[in-house]
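Residue numbers (the UniProt record's numbering), protein chains in the order written: chain S, 1 to 346; chain H, 1 to 346.
2 protein chains.
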Amino acid sequence: MVKVAVDAMGGDNAPSEIVKGAVEAVKERKDISVVLVGNQPIVEEELAKYQYPKEQIEIRHASEVILTEEPPVNAIRSKKDSSIVVSMKMVKAGEADAFVSAGSSGAILVGGQVIVGRNKGVERPPLAPLIPTEKGVSLLIDCGANVDARPSHLVQFAKMGSIYMEHVVGIKNPTVAIVNIGAEEEKGNALVKETFPLLKECKDINFIGSIEAREIPHGGADVVVCEAFVGNVILKLYEGVGATLLSKVKEGMMSSLRSKIGALLVKPALKATLKSFDASRYGGAPLLGLKGLVVKTHGNSTANEVRNSILQCVTFKEQAINEKIRESLAAETAVSGEAGHQEGTV
Amino acid sequence: MVKVAVDAMGGDNAPSEIVKGAVEAVKERKDISVVLVGNQPIVEEELAKYQYPKEQIEIRHASEVILTEEPPVNAIRSKKDSSIVVSMKMVKAGEADAFVSAGSSGAILVGGQVIVGRNKGVERPPLAPLIPTEKGVSLLIDCGANVDARPSHLVQFAKMGSIYMEHVVGIKNPTVAIVNIGAEEEKGNALVKETFPLLKECKDINFIGSIEAREIPHGGADVVVCEAFVGNVILKLYEGVGATLLSKVKEGMMSSLRSKIGALLVKPALKATLKSFDASRYGGAPLLGLKGLVVKTHGNSTANEVRNSILQCVTFKEQAINEKIRESLAAETAVSGEAGHQEGTV
Numbered sequence: 001m002v003k004v005a006v007d008a009m010g011g012d013n014a015p016s017e018i019v020k021g022a023v024e025a026v027k028e029r030k031d032i033s034v035v036l037v038g039n040q041p042i043v044e045e046e047l048a049k050y051q052y053p054k055e056q057i058e059i060r061h062a063s064e065v066i067l068t069e070e071p072p073v074n075a076i077r078s079k080k081d082s083s084i085v086v087s088m089k090m091v092k093a094g095e096a097d098a099f100v101s102a103g104s105s106g107a108i109l110v111g112g113q114v115i116v117g118r119n120k121g122v123e124r125p126p127l128a129p130l131i132p133t134e135k136g137v138s139l140l141i142d143c144g145a146n147v148d149a150r151p152s153h154l155v156q157f158a159k160m161g162s163i164y165m166e167h168v169v170g171i172k173n174p175t176v177a178i179v180n181i182g183a184e185e186e187k188g189n190a191l192v193k194e195t196f197p198l199l200k201e202c203k204d205i206n207f208i209g210s211i212e213a214r215e216i217p218h219g220g221a222d223v224v225v226c227e228a229f230v231g232n233v234i235l236k237l238y239e240g241v242g243a244t245l246l247s248k249v250k251e252g253m254m255s256s257l258r259s260k261i262g263a264l265l266v267k268p269a270l271k272a273t274l275k276s277f278d279a280s281r282y283g284g285a286p287l288l289g290l291k292g293l294v295v296k297t298h299g300n301s302t303a304n305e306v307r308n309s310i311l312q313c314v315t316f317k318e319q320a321i322n323e324k325i326r327e328s329l330a331a332e333t334a335v336s337g338e339a340g341h342q343e344g345t346v
Numbered sequence: 001m002v003k004v005a006v007d008a009m010g011g012d013n014a015p016s017e018i019v020k021g022a023v024e025a026v027k028e029r030k031d032i033s034v035v036l037v038g039n040q041p042i043v044e045e046e047l048a049k050y051q052y053p054k055e056q057i058e059i060r061h062a063s064e065v066i067l068t069e070e071p072p073v074n075a076i077r078s079k080k081d082s083s084i085v086v087s088m089k090m091v092k093a094g095e096a097d098a099f100v101s102a103g104s105s106g107a108i109l110v111g112g113q114v115i116v117g118r119n120k121g122v123e124r125p126p127l128a129p130l131i132p133t134e135k136g137v138s139l140l141i142d143c144g145a146n147v148d149a150r151p152s153h154l155v156q157f158a159k160m161g162s163i164y165m166e167h168v169v170g171i172k173n174p175t176v177a178i179v180n181i182g183a184e185e186e187k188g189n190a191l192v193k194e195t196f197p198l199l200k201e202c203k204d205i206n207f208i209g210s211i212e213a214r215e216i217p218h219g220g221a222d223v224v225v226c227e228a229f230v231g232n233v234i235l236k237l238y239e240g241v242g243a244t245l246l247s248k249v250k251e252g253m254m255s256s257l258r259s260k261i262g263a264l265l266v267k268p269a270l271k272a273t274l275k276s277f278d279a280s281r282y283g284g285a286p287l288l289g290l291k292g293l294v295v296k297t298h299g300n301s302t303a304n305e306v307r308n309s310i311l312q313c314v315t316f317k318e319q320a321i322n323e324k325i326r327e328s329l330a331a332e333t334a335v336s337g338e339a340g341h342q343e344g345t346v
């Protein structure tokens, strides 16, 4: 049995889509139980709309909500009875195996580090979403809020990402590449140039060198390593270019009577193909390297993405990903001073 | 009369598409003359295929070609009779107003700085392509090879980009934003945090704050400022996501008989709409801040892009962009030591 705490109050579509996603998840698998964390009367009212196996969903009351625009460190410190803090404490105490939230990214990243806590040896927990490619999916690691990374962080991202892709997504010996502005080893900024030889030396990953941004959507590598600023730009541009192009396609199809008739004929086939390029199919982004599993889903998540994010937690637990990460990084030495400092700030 | 030196040997489709683009450009405007620089017999043979006003095209022989994979600094130093070096010397000597090339980016960037030379006050010449957006085009500045920029570089990019958008593209009082991972001023990496207040203080630009990558395709700012590593990632991901999505759309349309019939009806309208999202319509990327105009077009440029890049040079000269950049940066003080060092390396 995998027990997942779900932030019923987080995200643009909370609580309705969150509760719906939770119901869909427990209906699909008998081995999942969900704790909906949030304002009890509100969550109860939502939940009353559905038929579902009662023993698989419970509600844990939390009186506060952390808003997206709140400074994360302050919010985690002051809102002790928020759905995020209550859920994270459940993970920390072992009352839940995982936590899924569509709420404030900043609060989730801070709370993950200061409440759930980092696994021994992990310098910085990366946020690692799966992104759609022509070949399937790639893991983009790191898209978190910790910018200005050091080479040692990127090496850990490569290791953690490889473990995730191999054991959660099921890709044997996943290829790893570092985002760069050219294919040659001597290209890049200072961070990439310092990191490249360290990745080359790593024996436990399948490092294939640099990847140019153009090759990411083609599926040029299974694990795409970068620091968080670049990762954030890649993730958001993926969404932006995709949305703009699809609206252009629709606009084109609606521009004449002839094309409108064509659009009716094309629509079902097109929908099926484009679905494979829809990020929400792949669930949320795990914050890797913590003592428990924390999954961040899109702020605008609908029930489908919430459902997928909850289901994802099962594989994560079954495959004992945290233990594998701990083992993989065990060979390494001390936790950096900076990381220790971050923990001290709250 | 605007005289444009064109690299007849550079790019994947040289010399055929380059020569064709030059012919199309001179047929369109009487006030352009083109010097095709490259291997004389080869260029002559290509040119013989076309009817065109003979007085508007001449050939300048250059016996060597710089290949994309050659280290740029070495190539510029050793291949004195290459089409790139010969053309750049023509610009330097005032024998040509501008140089257009689809050849090695690295060699063009190095040659631009060491042969054509920087305008007084310019610390680093940025490569600034126009990218298509929902609203029209935005200028992405910098996408060059000079990574690890300093805040003062980004401020100059913002000024040069504003001048270009206002006087070449014709957008009054263009909006300027810095690429960031959130909309708030306190977000960002060290470079962005240092640059943000400097941009806010600039009186001669219309700075509107941060832009998240998601908003770039929606046309969130006219001038999108970033350092070259991030700019390169944005430019190449734009191409990559676009190509992947369009191939998915085609695949979807070809997947059943019904959708194939629909595709025939939809095609003309779709083509027209998607054309507005085609980067090649907008010509090449100028390398701003040099003593002459240097324009880099895509390596895979076809005649249409070459033609547009040549036509672009007319507005650039007419509007006296270099003079405007010089005036705008005149208030500033010393040229940086690093930039001086770069000039000394060749």
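Even for Gly, the Cβ is constructed at its ideal location relative to N, Cα and C.
Since this is a predicted model, take the numbers as computed values, not measurements.
S:E184 is classed as exposed because its beta carbon has fewer than 16 other beta carbons within 10 Å across all chains shown. One alpha carbon belongs to H:A128, the other to H:P286, and they sit about 6 Å apart.
The C-beta separation of S:I310 from S:V110 comes to about 23 Å, leaving the pair out of contact by the 8 Å criterion. Of all residues in the stretch 257-278 of chain S, the ones placed with a Cβ closer than 9 Å to any Cβ belonging to chain H are R258, S259, K260, I261, G262, A263, L264, L265, V266, K267, P268, A269, L270, K271, A272, T273, L274, S276, F277, in chain order. Closest in alpha carbon position to H:K291, among H:L270, H:M88, H:V233, H:M253, is H:M88.
In the displayed model, S:L67 falls within coil according to three-state DSSP, outside both helix and strand.
Taken atom to atom, the span from the alpha-carbon of S:V294 to that of H:A228 is near 34 Å.
From the listed residues S:V266, S:A303, S:G289, S:A96, the smallest Cα separation to S:I321 is found for S:G289. A residue is called buried once 16 or more other Cβ atoms fall within 10 Å of its Cβ, and H:N119 is buried on that count.
DSSP, reduced to helix, strand and coil, places H:V4 within a strand of the structure shown. Taking 9 Å as the upper bound on Cβ-Cβ separation, chain S lies near no residue of the stretch 292-324 of chain H. Pairing S:G11 with S:G299 gives a Cβ-Cβ distance under 9 Å. Only A213, R214, E215, I216, P217, H218, F229, V230, N232, V233, I234, K236, L237, Y238, E239 from the stretch 213-239 of chain S bring a Cβ to less than 7 Å from some Cβ of chain H.
The beta carbon of H:I171 lies closer than 6 Å to those of M165, D222 in the same chain, with the five residues before and after it left out. Cβ proximity to chain S below 9 Å picks out E184, E186, K187, G188, N189, A190, L191, V192 from the stretch 183-195 of chain H. Secondary structure at H:P41: helix, using DSSP grouped into helix, strand and coil.
Cβ neighbours of H:V155 within its own chain (closer than 8 Å, five residues either side excluded): T195, L198, L199, C202.
The beta carbon of S:K324 lies closer than 7 Å to those of I163, H167 in the same chain, with the five residues before and after it left out. The beta-carbon separation of S:M253 and H:L270, rounded to 6 Å, stays under the 8 Å limit for a contact. Looking at the backbone, the Cα of S:P132 and that of S:D278 are separated by about 7 Å. Contact annotation for S:K135 against chain H: no contact, minimum CB-CB distance about 10 Å [criterion: below 8 Å]. For a cut-off of 8 Å, the C-beta gap from S:G231 to S:L329 is around 20 Å, too long to register as a contact. Within 9 Å of the CB of S:K248, the CB atoms of chain H belong to E134, L270, T273, L274, S276, F277, in sequence order along the chain. A straight-line Cα-Cα distance of about 28 Å links H:T273 and H:S16.
In this structure, the beta-carbon distance from H:A263 to H:V225 does not fall below 9 Å.
Against chain H, a Cβ distance below 7 Å from S:E251 picks out T273. S:C313 places its beta carbon less than 9 Å from that of S:V4.
At least one CB atom of chain H sits nearer than 9 Å to the CB of S:V241. CA-to-CA, the gap between S:L47 and S:V19 works out to about 6 Å. Counting the other CB atoms within 10 Å of its CB gives S:D97 a total of 16 or more, which places it among the buried residues. Beta-bridge partners of H:T195 (DSSP): none assigned. Take the alpha-carbon of H:M90 and the one of H:L235: they are about 30 Å apart. Of all residues in the stretch 165-185 of chain H, only V179, N180, I181, G182, E184 place a beta-carbon less than 9 Å from a beta-carbon of chain S. Within the stretch 190-271 of chain H, the complete beta strand (DSSP E) segments of 3 residues or longer fall at 206-211, 223-225, listed in chain order. Residues of the stretch 62-90 of chain H whose Cβ lies closer than 9 Å to any Cβ of chain S, in chain order: E69, P71. Counting along the chain, the unbroken beta strand (DSSP E) around S:K296 starts and ends at 293-296.
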